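Q:
Number of protein chains: 4
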Amino acid sequence: MIDKVRVAVVGVGNNTSALVQGIAFYRETGSLVGLHRPEIDGLGVGDVDVVAAFALSAGKVGADLHEAIFAAPNNFPRVGSPLPSSGVTVQRGLTDVTEFDRVAGVLKGAEVVLYSAPSGRPEVARAYAEAALLAGAAFVNTTSDPVARDAALLRRFTDAGLPLIGDDLASQFGTSVLHRALLELLASRGITLTSSYQVNLGGTEDFRNLVEHPNTKHRSKLNALGSEQVAIAPLGYLPHLGSQKIAHLNVEAQGWAGTPVSLDVHLKVHDPSGAAGVNIDLVRLAALALRTGRGGHLPEATPMLKSPPGTAI
Amino acid sequence: MIDKVRVAVVGVGNNTSALVQGIAFYRETGSLVGLHRPEIDGLGVGDVDVVAAFALSAGKVGADLHEAIFAAPNNFPRVGSPLPSSGVTVQRGLTDVTEFDRVAGVLKGAEVVLYSAPSGRPEVARAYAEAALLAGAAFVNTTSDPVARDAALLRRFTDAGLPLIGDDLASQFGTSVLHRALLELLASRGITLTSSYQVNLGGTEDFRNLVEHPNTKHRSKLNALGSEQVAIAPLGYLPHLGSQKIAHLNVEAQGWAGTPVSLDVHLKVHDPSGAAGVNIDLVRLAALALRTGRGGHLPEATPMLKSPPGTAI
Amino acid sequence: MIDKVRVAVVGVGNNTSALVQGIAFYRETGSLVGLHRPEIDGLGVGDVDVVAAFALSAGKVGADLHEAIFAAPNNFPRVGSPLPSSGVTVQRGLTDVTEFDRVAGVLKGAEVVLYSAPSGRPEVARAYAEAALLAGAAFVNTTSDPVARDAALLRRFTDAGLPLIGDDLASQFGTSVLHRALLELLASRGITLTSSYQVNLGGTEDFRNLVEHPNTKHRSKLNALGSEQVAIAPLGYLPHLGSQKIAHLNVEAQGWAGTPVSLDVHLKVHDPSGAAGVNIDLVRLAALALRTGRGGHLPEATPMLKSPPGTAI
Amino acid sequence: MIDKVRVAVVGVGNNTSALVQGIAFYRETGSLVGLHRPEIDGLGVGDVDVVAAFALSAGKVGADLHEAIFAAPNNFPRVGSPLPSSGVTVQRGLTDVTEFDRVAGVLKGAEVVLYSAPSGRPEVARAYAEAALLAGAAFVNTTSDPVARDAALLRRFTDAGLPLIGDDLASQFGTSVLHRALLELLASRGITLTSSYQVNLGGTEDFRNLVEHPNTKHRSKLNALGSEQVAIAPLGYLPHLGSQKIAHLNVEAQGWAGTPVSLDVHLKVHDPSGAAGVNIDLVRLAALALRTGRGGHLPEATPMLKSPPGTAI
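Residue numbers (numbering that gives the first Met the number 0), protein chains in the order written: chain E, 0 to 312; chain W, 0 to 312; chain H, 0 to 312; chain Y, 0 to 312.
#1: Does the beta carbon of Ala230/H sit closer than 8 Å to a beta carbon anywhere in chain W?
#2: I'd like to know whether the C-beta atoms of Gly239/W and Thr258/E end up nearer to each other than 8 Å.
#3: To the nearest angstrom, how far is it from the Cα of Tyr236/Y to the Cα of Pro308/H?
#4: So is His212/H buried or exposed if we call it buried at 16+ other beta carbons inside 10 Å?
#5: Taking the beta carbon of Met0/W as the centre, do at least 16 other beta carbons fall within 10 Å, making it buried, or is it exposed?
#6: Can you tell me whether DSSP reads Ala62/H as helix, strand or coil?
#7: Are the beta-carbon atoms of Thr157/Y and Gly295/Y separated by less than 8 Å?
#8: For Gln253/H, would you say it is in contact with chain Y, using Cβ-to-Cβ distances shorter than 8 Å as the test?
#9: Would you please verify whether the beta carbon of Gly257/Y is less than 8 Å from any beta carbon of chain H?
#10: Would you kindly work out how many angstroms separate the C-alpha atoms of Val260/E and Ser175/W, rounded to a whole number?
#11: Nearest chain W C-beta to Leu262/E closer than 8 Å, yes or no?
#12: Just the C-alpha distance for Ser115/H and Leu82/H, rounded to the nearest angstrom, thanks.
#13: Determine contact between the stretch 175-194 of chain W and the stretch 22-38 of chain H, defined as no fewer than three beta-carbon pairs at a distance below 8 Å.
#14: Contact check, Val11/H vs Val89/H under 8 Å by CB: the rounded distance?
#15: What residue does the beta strand (DSSP E) around Pro259/Y start on, and which one ends it?
#16: Can you give me the start and stop residues for the beta strand (DSSP E) that Ile245/E sits inside?
#17: In terms of residues, what are the limits of the alpha helix (DSSP H) holding Thr191/H?
#18: Measuring straight from C-alpha to C-alpha, what distance separates Ala151/E and Glu129/E?
#19: Residues of chain E with CB closer than 9 Å to the CB of Leu237/Y, please, in chain order.
#20: Please identify the residue among Ala7/W, Gly92/W, Leu132/W, Thr28/W whose C-alpha is closest to the C-alpha of Leu153/W.
#21: Which of the three DSSP states is assigned to Arg36/W in this structure?
#22: With which residues is Ser310/H paired in a DSSP beta bridge?
#23: Nearest CA to the CA of Gln253/E: which residue from Glu299/W, Gly273/W, Glu251/W, Ala252/W?
#24: What are the start and end residues of the beta strand (DSSP E) that includes Val47/W?
#25: Is there a Cβ from chain W that is less than 8 Å from the Cβ of His265/H?
#26: Give the single residue among Arg120/E, Arg207/E, Ala256/E, Val146/E whose Cα lies nearest to the Cα of Ala311/E.
#27: Report the three-state DSSP secondary structure of His217/H (helix, strand or coil).
#28: Taking 8 Å as the threshold (C-beta atoms), are Glu27/Y and Ser80/Y in contact?
#29: Exposed or buried, which one is Arg77/H when buried takes at least 16 other CB atoms within 10 Å?
#30: Find the residues of chain Y that neighbour Gly241/H, judging by a C-beta separation of less than 8 Å, and give them in chain order.
#31: Is the distance from the Cβ of Lys3/W to the Cβ of Asp40/W below 8 Å?
#32: Are there 16 or more other CB atoms within 10 angstroms of the CB of Thr203/Y, so buried, or fewer, so exposed?
#33: Please go through the same chain and pick out, in chain order, the residues whose beta-carbon is closer than 7 Å to the beta-carbon of Gly160/Y, but skip the five residues on each side of it.
#34: Is Thr191/E close to chain W, meaning its C-beta is less than 8 Å from at least one C-beta of that chain?
#35: At 9 Å on the CB atoms, spell out the chain E contacts of Leu168/Y, in chain order.
#36: Say whether chain W places a C-beta atom closer than 8 Å to the C-beta of Leu287/H.
Structure follows, in structure tokens:
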């Protein structure tokens, strides 16, 4: 029987709530619904154990992980599987360089550090990567902050035989995936794009951050679609939506003899589910590589990343 | 300079209107908009000449082709390129076996017979195929009537070195293409389909026929998507839509931990454009094969067909 | 304290399920959510008691009403309020004229007979009206079968001092209400209607009947919107929708200087809720009139009916 | 025969383009399509003459009005009616207090001054109102800048027997009108609102201004709907839309027994048409009042204004 993957999560937001609840859901139900890869080289979804967690807010630090995932401002819904005490107490994350040793010490027991904090603090992201390096753990950066794109840091992970995966998740299924697929479909059929837009509405802290500080992630999204005729137009923070995201996509195009082709799409999806559905794969890929001594960038992770090494920072 | 492809069209409905107007549009503008394959082995879109045409209705027979394509009940819009007299007078099509020789005689001058009459009269489709065989022309069956799926007939075309392409067009871009792409996209990301439906509304004679006699083509469509969870629900004939088709697609699915994914799509497209955009390719493939002595089924045409040889009749 | 309204329901389908569950919901929660009129002349929603029920199918007859409302093919969802045994055993309805006396006997204890069986059997509807007349109860016909539009029958109810309300419910909120409101809004602003369509999809037995026998109710709907430019196009039976109805509405119009105005609406609603929300008012109006000796047609019910007396049969 | 209304327009943007082209369209075609009020007390749409026009940009000043309305950044489409030279040369508007007399002199020939410049410069709006007062003309303020809400100014117009109409147009048909009508419809049927949002996308300079300086007009919009559960969420500037506005509206609500009611609306409309369709009425009301000596606020104009006198500034 395969050893379970021991994961330390940094950040106890909606994405961590979705990950933790989903693992419990799949263990309880045995269902395979919504799973991209039920098993990777013998590792099932239920073979992932969260063994440590870091957060910063008062409502989460000191609480059991299974309670902290429901603390405000988290709003990912309760999936419904029983969540008895996890035995993992959420610890205070890094706020000061003097705490580095404490954090690195906690990471000692983990094979994979899943960095799932809010984007926008690259120095914090890199400090956790340093701690993982010190602790001998693989590191997965799900934020748009450049970590795996830092060539020097990547080399040190490679040299240490430790996987470094990042940067920025490509959601299992979300607006970007859908939009790109539609544009590719049209192109593959010879339909000529005229214009396209995308409107995203959501109610998470992530959305609030994007609306208030649109730069980094927004640019990352534009990279992902990369067409001059495509407008990634406005982001709206609507608290009542909770963790549900609503997207309105429009594509105007021309077919044979220039006749119009028009496509309007209305998508509803839970963003944290899209993240968890990819994180569960990245964590398993990282553990498998670690166990076989493969360090640095993992090519098999590239399709699940928005900004892998080599992408412009 | 390459010889132009000489095509005889059977049926002067909307699809023929779109084909004839589109060829004029691309010749006049030099545009490549909406073209899947601007050139196939040296044959451009403008290298196709319609040299004969058959119809049955009083308003079309005897008229110049460039007038007949606008006769009722045709309602494909005017694309706008100048259409001076074509020099091709629409001839009366087959209504009686005694006229077979007359029709075959007309086909003598053509390399490709494009059969674009309404579906639902398989014996008529096969009679034209016989006439093409007699005249030494390739045959393209765009209807859902079984012609290329008739093994005996296919063998005779093969033996005669004459291409036989069919049955039933896969539109360049339409509801089926889009619906299938969306379902495949979800499956490829590990999202589990719960239910899906498709509603098609249109204003052409083809739609009126589908609504009044839903069987043959409808079944062909269900084949194309082939999932028990997908309902190809009702077809509506709304004359005011003209040749524009409107489709409402819905997909309900489940992602990570069973959380809901919901997709609603509203598509507007001109069906005859979708047909013409594929016919222009099939005709060129047929001519190229004919010129090099390749008869029977053409594998390169398979992706553009809904029911190629081997599909159940 | 006001006496509760004693209602006998004919038909234990989705509409009756919604009515019975809703009364329990409002009694339990004290909520006023979704109520058009919380109180009518002192009668609250919780003041309505179902004291007898008739059905025909083996799975319902003989069962307690609170079980029968969940028997197939009913598919209105469980609202969630506790439903202990009701003490009302569902009785076999009229299938034969010889049973008329038995049925009329049961109705003796009721003030109002709510006729909520499937449309399309006018002679059955009228037989229950006769039984109500004999039993001295008011009669509410929620089907499109002509009962209140039968002038002779209406006169007999009037003469007997018994209210007769019908025919055909105008839903509390549904496609017709919304469509008419949109068309009236455009007209009131001087926007000129060009075309409009409506597509309805549902998963109830009512929908199955409409799809298979579209005539009666369909005509009633067209009456309700009554414009030549409005197409009430196809009805689709999609079992997976359950009691949820999905409607796609489109309105194309012209504003100032003929510039286009386009409106697409996607509505999701539970049809049985729309029926129950009106039935609860009709039943109370009927009881109040009965108690004050007002018989025949009740003008105050007219806005809630699609085909009140005077409408063409 | 009634005397034509002589109007001076301040601002030669899209709204003026729509007004001028629409008058030409209705004169040429005799059509009544899209007209709220074809005639007001004998004044038809074609009875309005633009006799003077002010603008600021180099591309408009000095040009004939019928050319200036198509100068960038205007992007209201060509309606298609012939527009021979108007004989009205666009004059330079007020940029400096020293030009006040020149402007007032031009206004001398006009009965109505239609102030249709961009919102956000209240002092300019009031200067034109002063000029109208001096010239003895009625004043219509279509911007959200407070002019008619200025009690002292209103009194001076009243005393002078000159109509003062404002502030801020309620479009003939647009997102606010539709959204409010839907919310009122639900409320009138007893459906309980849960949440609602509105997303507006457009490609005019007006939209660019709203996106870059969202304050004034946005607040005016919120006033207009005024519900805590309604989010007027993000505005997007998409140049490719031109003068077409696209709105996505969502309404989530609860019906009988708390069952969900969901409404998604997709609206396409030309904003300048909505403005012109109201301006043509305001101008005629102003002229009629002026001719009968009625000054100050005109109650009959109130329904066409977002912020009439008495509304908070």
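We treat Cβ as the ideally placed atom computed from N, Cα and C, and that holds for glycine. Computed from a prediction, not measured in an experiment: that's the story for all the values here.
A: Let's see:
#1: yes
#2: It should be noted that the sequence gives His, not Gly, for residue 239/W. Contact: no.
#3: 53 Å
#4: exposed
#5: exposed
#6: coil
#7: yes
#8: yes
#9: yes
#10: 14 Å
#11: yes
#12: 21 Å
#13: no
#14: 6 Å
#15: 259-269
#16: 243-253
#17: No alpha helix (DSSP H) holds Thr191/H; the beta strand (DSSP E) holding it covers 191-201.
#18: 12 Å
#19: Ser194, Tyr196, Ala230, Ala232
#20: Leu132/W
#21: coil
#22: The residue you asked about is not Ser; residue 310/H is Thr in the sequence shown. Thr310/H pairs with nothing; no bridge assigned.
#23: Gly273/W
#24: 47-54
#25: yes
#26: Val146/E
#27: Residue confidence for His217/H is low, a pLDDT of 49 falling below 50, so the modelled location carries little weight; the figure read from the coordinates is stated next. Correct three-state label for His217/H: helix.
#28: yes
#29: exposed
#30: Near Gly241/H there are no residues of chain Y at all, since even the closest Cβ is about 11 Å away, more than 8 Å.
#31: no
#32: buried
#33: Gly292, Gly294
#34: yes
#35: The premise fails here: Leu168/Y is roughly 24 Å from chain E at the closest Cβ pair, so nothing lies under 9 Å.
#36: no
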